[in-house]
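A short write-up of the structure that comes next.
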Amino acid sequence: KDIPSGSITPTFFAAKLFIDNWRWAGVPFYLRTGKRLAKRVTEISIHFRQPPLKLFSSTCGIREPNLLVLGIQPREKISLHIGVKHPGVGNQLYPVNMNFSYEEDMPGNTHFALPYERLLLDCMKGDRTLFARQDGIEAMWSVVDPIISRWENTPALHFPNYPAGTWGPKEADDIIGRDGRQWRTW
Numbered sequence: 051k052d053i054p055s056g057s058i059t060p061t062f063f064a065a066k067l068f069i070d071n072w073r074w075a076g077v078p079f080y081l082r083t084g085k086r087l088a089k090r091v092t093e094i095s096i097h098f099r100q101p102p103l104k105l106f107s108s109t110c111g112i113r114e115p116n117l118l119v120l121g122i123q124p125r126e127k128i129s130l131h132i133g134v135k136h137p138g139v140g141n142q143l144y145p146v147n148m149n150f151s152y153e154e155d156m157p158g159n160t161h162f163a164l165p166y167e168r169l170l171l172d173c174m175k176g177d178r179t180l181f182a183r184q185d186g187i188e189a190m191w192s193v194v195d196p197i198i199s200r201w202e203n204t205p206a207l208h209f210p211n212y213p214a215g216t217w218g219p220k221e222a223d224d225i226i227g228r229d230g231r232q233w234r235t236w
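Just so you know, we're using my numbering here: the sequence shown kicks off at 51 and counts up by one.
As C-alpha cells, then:
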C-alpha cells in the first residue's frame with residue numbers, strides 16, 4: 051500500500067553463491083528471500099546430485115534427484131524425497147516421501163513455541179545455541195555490504211519489481227533457471 055511506483059527500496063533478494071573451500075567447491079547455493087511473497091515459508095532444500103554414471107538409466111523410470119527439505123517456518127518438518135527400487139527382479143524406481151512433522155506426528159502437543167518465544171527463553175537461560183556468532187555475522191555482512199553499496203552507487207536502469215503475492219520478479223527465476231533448475235514453490 052502507498053508505495054511510490056519508482057521505489058527501489060530492497061524487498062527481495064535472490065542469488066547464486068559459492069563457498070570457497072575444498073568441501074563445497076563447485077556446489078551452488080541458491081538463496082531467495084523477500085517481503086509479501088506468495089507464502090510465508092522458511093526452508094532449506096537440498097537437491098542431491100545425480101550420479102555421473104547412471105547404470106540403469108534406460109530401465110529405472112524416474113530421474114528426479116533425491117531431495118531433503120528442512121522446514122523451519124511456519125511448520126518445523128523434515129522431508130526426504132527419494133527414488134526407491136520396486137520390489138522384485140526389475141529395476142523400476144518409484145518416488146517415496148518420508149516425512150516428519152511435530153504438528154502431525156505429535157498431535158497431543160498443543161503448544162509449540164513461537165520463534166521469538168524460544169529465542170527469548172534461551173536468552174534468559176544463557177543458552178547461545180540459536181544465536182549467531184560474531185564471525186558468522188561479519189562473514190554475512192562481507193557478502194551483503196558490497197551488494198548494498200553497489201545498489202546505492204549505481205542507478206538502476208531496470209529495477210526488477212514484483213507484485214505482492216507472487217514469488218518475486220522473473221529475474222529471480224532466471225538466476226536459477228540458467229542452471230536448468232527452478233525454485234521450490236508450495
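Every residue, glycine too, gets a C-beta built ideally from N, C-alpha and C.
By Cβ distance, which residues of its chain are closer than 8 Å to residue i, with the 5 residues on each side in sequence left out?
i: Q232; result: D223 and I226
i: G218; result: F62, A64, R82, G84, L87 and Y212
i: G215; result: R86, L87 and A88
i: V91; result: G121, Q123, P124 and W236
i: H136; result: Q142, L143 and Y144
Check residue i in the structure and name its three-state DSSP category.
i: V77; result: coil
i: R82; result: strand
i: V194; result: helix
i: A64; result: strand
i: L170; result: helix
i: A200; result: For clarity, residue 200 is Arg in the given sequence; the question names Ala instead. Looking at R200 - three-state DSSP - the assignment turns out to be helix.
i: G158; result: coil
i: D185; result: helix
Got a sec, what are the start and stop residues for the beta strand (DSSP E) residue i sits in?
i: Y144; result: L143 to S151
i: G227; result: Where G227 is concerned, there is no enclosing beta strand (DSSP E), although the alpha helix (DSSP H) it sits in stretches over K220 to G227.
i: I69; result: Looking at the DSSP string, I69 is not in any beta strand (DSSP E), and its letter there is neither H nor E.
i: V134; result: K127 to K135
Do you know whose CA, among the options, lies nearest residue i's CA?
i: L67; options: S151, R125 and V193; result: V193
i: T179; options: E188, L169, I187 and N147; result: L169
i: S199; options: Y144, P60 and N147; result: P60
i: D229; options: F79, L117 and N203; result: F79
i: I96; options: L117, P210 and V139; result: L117
i: N147; options: E114, S55 and R99; result: E114
i: I69; options: Y144, P102, D195 and M190; result: M190
i: P205; options: L103, S57 and G158; result: S57
Starting from residue i, follow its DSSP beta bridges and name the residues at the other end.
i: E93; result: G121
i: L322; result: For residue 322 there is no data in the structure shown, the boundaries of the chain being 51 and 236.
Grab me the residues of residue i's own chain with a C-beta within less than 6 Å of its C-beta, minus the 5 sequence neighbours each way, in chain order.
i: N149; result: S129
i: T152; result: Strictly speaking, residue 152 in this sequence is Tyr, with Thr absent from that position. The answer, listed in chain order, is E126.
i: P210; result: P219 and E221
i: H258; result: With the chain running from 51 to 236 in the structure shown, residue 258 is simply not present.
Who are the Cβ neighbours of residue i in its own chain at under 7 Å, not counting the five residues just before and after it?
i: E93; result: V119, L120, G121 and I122
i: R99; result: P115
i: V134; result: L143, Y144 and V146
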